[in-house]
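Participant: Here you go, one structure.
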Amino acid sequence: MALRSQCEVLMMLYLSVLVAFAACNAPPVPLDDIFIEKTFVPDQCVRAVKVGDYVRYHYNGIFPDGKKFDSSYDRGSTYNVFVGRKQLIEGMDKALVGMCVNERRLVKIPPHLAYGKQGYGDIIPPDSILHFDVLLLDVWNPEDGVQINTYHTPATCSRKVEVSDYVRYHYNGTLLDGTLFDSSHTRMRTYDTYVGIGWLIAGMDQGLLGMCVGERRIITMPPSLGYGENGDGSDIPGQASLVFDVVLLDLHNPRDGIAVTNQNVPASCTRKSVSGDFVRYHYNGSLLDGTFFDSSYSRNRTYDTYVGQGYVIAGMDEGLIGVCVGERRTITIPPHLAYGEEGTGSKIPGSAVLVFDVHIIDFHNPSDSTDITVIYKPAGCDKQTKKGDFVKYHYNASLMDGTSIDSTHNYGKTYNIVLGANQVVPGMEDGLMEMCVGEKRHLVIPPHLGYGERGVTDEVPGSAVLVFDIELVDMEEGLPEGYMFIWNQDVSPDLFEEMDKDNNQVVEPSEFTDYIMQQVNDGKGRLAPGFDPYRIIDNMFSNQDRNGDGKITVAEFKLKADEAAAHDEL
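Take the sequence shown: its letters are residues -22 to -1, 1 to 548, numbered as in mature numbering (1 follows the signal peptide of the UniProt record, and there is no 0).
So, in structure tokens, the structure goes:
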């Protein structure tokens, strides 16, 4: 024997209930009226059927002996009809009034409120009592409009949906009885559309107006504002009320530009960014509903770019113009000034409004030079630094946002260099020129005169503007340009003989070194300050040793004035 299907078993159980109802539960009311038994009543009943309403319901019709004579289930479609307009037998017209969606009733109808003495063809004999098991699925009225129930309103709402706005929203779509027919959540992508210009069914066009980003509402619409008499051909039957549970995630208008809000501008702002500047900034990026998609903080480094030159999305290019170092601002960018209809894939959906919380760390222009501000200058300043001078100075170094980099005070000693010898960054060379001992300066050095695009690992970020507060402590005058040694008096005519201590007609390296150092110690000559004296002397010897044999002969020996080409030598 073949096993019965689950559906057949349930139907047999159901028919047995009807038979029991017919046989054992004779109504206590007179036979001239209908008898109703409510077998299921939903917990909530938002609306009950009234005369003039249009209903969609399923039913099974049986005779008292349990024989089925009709069923909407067998036809695979609900029975759809106006109530109280004599489109039904009188007993059913009365039985449907007061029903709620998802309510189930067992209804017994006497003959005079059914098909009476005539019956109905070969299906219903004359004077038949009829039993109906009715399940109400839908109810609406031709006078109905869109019904909106907002169940979550965000704390702030700076803007509401208007006609011609473009929105991104998630929804669950159900029939009035709760049957799910569609959901953007299951597709894991929002529904994106213009509002109020006919791209949506009329009820949704109306229901989305006035929403705030983050708002949640239930939008209920009659079929006249949904899919009408024919439904959608698949999941939505004809004449069906629709219920949409909607959360609005995004909102903009094609006419929108960027919006700059929440500005926090430092009290001191001597300069604002312009097109062509190079900006270093931190940011947190989110969608309009607060969904995070990116952050420079998570990478522990700033985003560095030229502004106004097309290196970043158009909205950010515009939003970074006119900023001050240290400023914080929120930049809201519509999709046509961001990543457009396509988005970026996984992180930024198409047609998404972007919100950037930005903190400006520094900016400069490639044409910038070192900015020098004299903080203090001694009254008597007769001697100023120049190229070749050996200088000693203190400094405090920081970034534009105040982050400390280094300080000579931490080491308890000055920083000592020779100006013009490329011992410091070019911007510092500029800042130390023409200073007096005791003078204090504030230097702002652009990266192309500092540590450039690479910076210094773990100390100075790439493309960073540097700030130095310097104080010149001491200086020693350098030698004329091109000299590493000079005589303080007339040169001896017997210079070679004086060097050649052993009179063997050649000057050995030791003889040369001893002689030069003796002249320096006696004040007769002077080496360039700030360099290793022995390296200078070795270089001088090499320049005199023309053939590189490790000794200087009379023929090789020449004074600097006798040279055709300049050398750091005698």
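Built from N, CA and C at the ideal position, the CB exists for glycine as well.
#1: Measuring only the C-alpha atoms, how far is Ile326 from Thr168?
#2: Excluding the 5 residues flanking Ser55 on each side, which residues of the same chain have their C-beta closer than 8 Å to its C-beta?
#3: With DSSP as the reference, label Pro5 as helix, strand or coil.
#4: With a 10 Å radius around its C-beta and 16 neighbouring C-beta atoms as the bar for buried, classify Ile353 as buried or exposed.
#5: Smallest Cα separation from Thr531: which of Ser520, Val485, Ile494, Leu457?
#6: Between Gly416 and Lys479, what straight-line distance do the alpha-carbon atoms span, to the nearest angstrom?
#7: Do Ile494 and Tyr371 have their C-beta atoms closer together than 9 Å?
#8: Throw me the rounded Cβ distance for the Val145 and Leu226 pair, which I believe falls under 8 Å.
#9: Taking His163 as the reference, which of Gly176, Tyr147, Leu178, Gly263 has the closest Cα?
#10: Between the stretch 73 to 92 and the stretch 118 to 130, do three or more beta carbon pairs fall short of 8 Å?
#11: Considering just the uninterrupted stretch of the beta strand (DSSP E) at Val221, what are its terminal residues?
#12: Helix, strand or coil: which one does DSSP assign to Asp52?
#13: With 16 other CB atoms within 10 Å as the buried threshold, where does Asp500 fall?
#14: On the DSSP letters alone, give me the boundaries of the beta strand (DSSP E) that Glu449 sits inside.
#15: Exposed or buried, what is Ile40 when buried is set at 16 or more other beta-carbons lying within 10 Å of its beta-carbon?
#16: On the DSSP bridge list, what partners appear for His130?
#17: Taking Cβ positions, are Ala292 and Leu265 nearer each other than 9 Å?
#18: Count the other CB atoms, across all protein chains shown, that sit within 10 Å of the CB of Ala442; report buried if there are 16 or more and exposed otherwise.
#19: Would Ile236 pass as a contact of Ile175 if the rule is Cβ separation under 9 Å?
#20: Can you give the Cα-Cα distance for Val27 and Tyr35, rounded to whole angstroms?
#21: Would you be able to state if there are at least three C-beta pairs under 8 Å between the stretch 350 to 365 and the stretch 414 to 428?
#22: The alpha helix (DSSP H) spanning Ala292 covers which residue range?
#23: Just to confirm the assignment, what range does the alpha helix (DSSP H) spanning Phe490 have?
#24: Round the Cβ separation of Asp346 and Arg258 to the nearest angstrom and send it over; I've been treating them as touching at under 8 Å.
#25: Can Pro89 and Lys95 be called in contact, C-beta distance under 9 Å?
#26: Tell me the DSSP bridge mates of Glu86?
#27: Going by DSSP, what residue range makes up the alpha helix (DSSP H) through Leu427?
#28: List the whole-angstrom C-beta distance separating His230 from Pro313, where the pair is believed to meet the contact cut-off of C-beta under 8 Å.
#29: Is it right to say Arg307 is buried, meaning 16 or more other beta carbons lie within 10 angstroms of its own, or is it exposed?
#30: Taking the alpha helix (DSSP H) that Thr386 falls in, what are its first and last residues?
#31: Near Tyr129, which residues of its chain fall below 6 Å by C-beta distance, leaving aside the five closest residues on each side in sequence?
#32: Name, in chain order, the residues that DSSP records as bridge partners for Asn58.
#33: What is the rounded straight-line gap between the Cα of Ala375 and the Cα of Pro507?
#34: If you draw a straight line from the C-alpha of Pro5 to the C-alpha of Leu220, how long is it?
#35: Can you give me the start and stop residues for the alpha helix (DSSP H) that Ile514 sits inside?
#36: Between Phe446 and Met411, how many whole angstroms is the CB-CB distance? I'm expecting something under 8 Å.
Facilitator: Here's the rundown:
#1: 12 Å
#2: Closer than 8 Å at Cβ, skipping near neighbours: Pro215.
#3: Confidence is the limiting factor: at Pro5 the pLDDT is only 48, short of 50, which leaves the residue's position unreliable, though a coordinate-based value still follows. In the three-state reduction of the DSSP assignment, Pro5 falls in the coil class.
#4: Ile353 is exposed by the Cβ-count criterion.
#5: Val485
#6: 46 Å
#7: no
#8: Taking a contact as a CB-CB distance under 8 Å, the pair Val145 and Leu226 counts as one, their CB atoms being some 6 Å apart.
#9: Here the closest residue by C-alpha is Tyr147.
#10: The stretch 73 to 92 is not in contact with the stretch 118 to 130.
#11: 220 to 230
#12: Asp52: helix per DSSP, three-state reduction.
#13: By the 10 Å Cβ count, Asp500 comes out exposed.
#14: 444 to 454
#15: buried
#16: Under DSSP, His130 forms a beta bridge with Arg194.
#17: no
#18: buried
#19: no
#20: 12 Å
#21: The stretch 414 to 428 makes contact with the stretch 350 to 365; the number of CB pairs closer than 8 Å reaches 3 or more.
#22: Per DSSP, Ala292 belongs to the alpha helix (DSSP H) from 292 to 297.
#23: 487 to 499
#24: No, Asp346 and Arg258 are not in contact; Cβ-Cβ is about 14 Å, not under 8 Å.
#25: yes
#26: Correcting the residue identity first, residue 86 is Lys in this sequence and not Glu. Paired residue(s): Phe13, His109.
#27: Careful: Leu427 lies outside any alpha helix (DSSP H) and carries neither H nor E.
#28: Sure, about 7 Å apart at Cβ, within 8 Å.
#29: buried
#30: Counting along the chain, Thr386 falls outside any alpha helix (DSSP H), and DSSP gives it neither H nor E.
#31: Arg194
#32: Arg34
#33: 26 Å
#34: Any reading at Pro5 must be qualified, since the residue scores a pLDDT of 48, below 50, and its modelled position is unreliable; the value itself is stated next. Cα to Cα, Pro5 sits roughly 37 Å from Leu220.
#35: 511 to 522
#36: That belief does not hold up - the Cβ atoms of Phe446 and Met411 are roughly 14 Å apart, past 8 Å.
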